[in-house]
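Count along the sequence shown starting at 1, add 2, and that's the number in the working numbering.
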Amino acid sequence: MDSTLAPIVLFTYNRPRHTKATLEALKGNLLAKQSHLYIYQDAPKQNAPQEQKDSALEVTKLLQEVIASNENGIYFKTITLIQRERNFGLADSIIDGVTSIINKHSTIIVLEDDIVVSPVFLDYMNTALKVYANEKKVWSIAGWGYPIDTQGLGDCYFWRVPHCWGWASWGDRWQYFKRDMSLNFKNSFSKSDIAYINLDSVADYFSHFTLNHKGKIKTWAIFNYLIAYKHNALTLCPSLSYIKQIGFDGSGVHCGDNGNILNASKINTKFPILFPDTIVESTLALQRIRDFELTHKTTITKRIAHKIQKISTIMQKSLSVIAHRGGGSI
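Put into structure tokens, the structure is as follows:
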């Protein structure tokens, strides 16, 4: 690999154990020493519990230690820490950070603080970014794929959803991203569009947009999917994931605590691999993913409902604090 490796951008907040595991796994990649690492740490809300503030401070200390230990680029080519002066929230922090770094470097590899990567994760990402650099129909590169039967899928495949658990993309594709909450955008999707977005009416991805539109949740990934759909674009996914999600312990903003059915039994360490020459959606992968969604629909639905209930409770507590302090009526 040459000096045109994509920068790595890591988003953190207040989970020191997860952040440490993510960084340690990244260090295990041979290409890490040739890569620029940008770390964004969000700030706690002013009314955040002291426990959250203390945990955020632990993360800050951990990041400072990592930077200090990276003398002479022993782990990464450079490490740049961007600490938010106010609480952005995960969605806004990712949108702002990705836009800033991708405008500077033209490519990007994105991680959150609960993604443990394979030792060949950076090889896979950087190679795929080069292979499909001029293929505008390829919207992004995913490090994660559904834990489905891999027989007949090859090393990787294309399908419609841009995953957000360890991903990469190009500036000429991210430039179209917008967290568009307008009615015009919502109404631009027909029933057949929504059926496609929902994996031919098996899943319920479009409800994530509706929940954002109603102010029930604040996320970004669904908008990336909708815009990719508007561009008739696909995402490259590995048949066996190059990442492990370790956030399903109730500690994360968008991960529940019901156990993780979305990790494969083992992490992918195979590289080099063969990339698809033809950019078309794998009908075999799509069918297996649809079957997975149908099989686990109750579990996934419960997880979403649990998350919505958790967010609603937090919002009500925040409103109570504001009212108690004279911040206005509820």
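For glycine and all other residues, C-beta sits at the position ideal for the given N, C-alpha and C.
Counting only residues of its own chain and dropping the five nearest sequence neighbours on each side, K29 has a CB closer than 7 Å to the CB of Y77.
Our two residues, K47 and K55, have alpha carbons roughly 8 Å apart in a direct line. By DSSP's assignment, V11 forms a beta bridge with Y40 and V112. Segment contact: the stretch 232–249 against the stretch 140–150, three or more CB-CB distances shorter than 8 Å; contact assigned. Non-local beta-carbon contacts of W141 in its own chain, meaning distances under 6 Å to residues more than five positions away in sequence, involve P164, R175, A230, A235 and T237 in chain order.
Inter-residue distance for D44 and E60 is about 13 Å (C-alpha atoms, whole angstroms). With fewer than 16 other Cβ atoms from the protein chains shown falling within 10 Å of its own Cβ, T285 counts as exposed. Straight across, the Cα-Cα distance linking W169 with T109 is about 11 Å. Annotated as distal: I248 and D151, with beta-carbon spacing of 8 Å or more. Burial state of I199 is buried, judged by a 10 Å Cβ sphere holding 16 or more other Cβ atoms.
Inside the stretch 127–165, DSSP marks whole beta strand (DSSP E) runs of 3 or more residues at positions 140–144 and 158–161, from first to last along the chain.
Around the beta carbon of P274, fewer than 16 other beta carbons lie within 10 angstroms, which makes this residue exposed. Contact check for V100 and V11: beta-carbon distance about 7 Å, within the 8 Å limit, so the pair qualifies. When the five nearest sequence neighbours on each side are left out, the beta carbons in the same chain lying within less than 7 Å of the beta carbon of P149 are those of L264, N265 and A266, in order along the chain. Restricting attention to beta strand (DSSP E) runs no shorter than 3 residues, the stretch 54–120 encloses them at 80–85, 109–114 and 117–119, ordered along the chain. Taking the Cα of Y126 as reference, the smallest distance to any Cα among L7, K139, R162 and E283 is reached at L7. L236 sits in a strand when the DSSP states are folded into three classes. In the DSSP assignment, I245 falls within the unbroken beta strand (DSSP E) covering I245 to Q247. For S171, the enclosing beta strand (DSSP E) starts and ends at W169 to W172. Rounded to the nearest whole angstrom, the C-alpha separation of R17 and S194 is 41 Å. The beta carbons of S120 and N262 sit about 17 Å from each other, so the pair does not count as a contact at 8 Å. E283 is bridged by DSSP to F160.
In the DSSP assignment, N189 falls within the unbroken alpha helix (DSSP H) covering L185 to N189. A straight line joining the alpha-carbon of L39 with that of T14 spans about 13 Å. In the three-state reduction of the DSSP assignment, P18 falls in the helix class.
Sorting R292, T21, K79 and K106 by C-alpha distance to the C-alpha of Q177 places K106 at the top.
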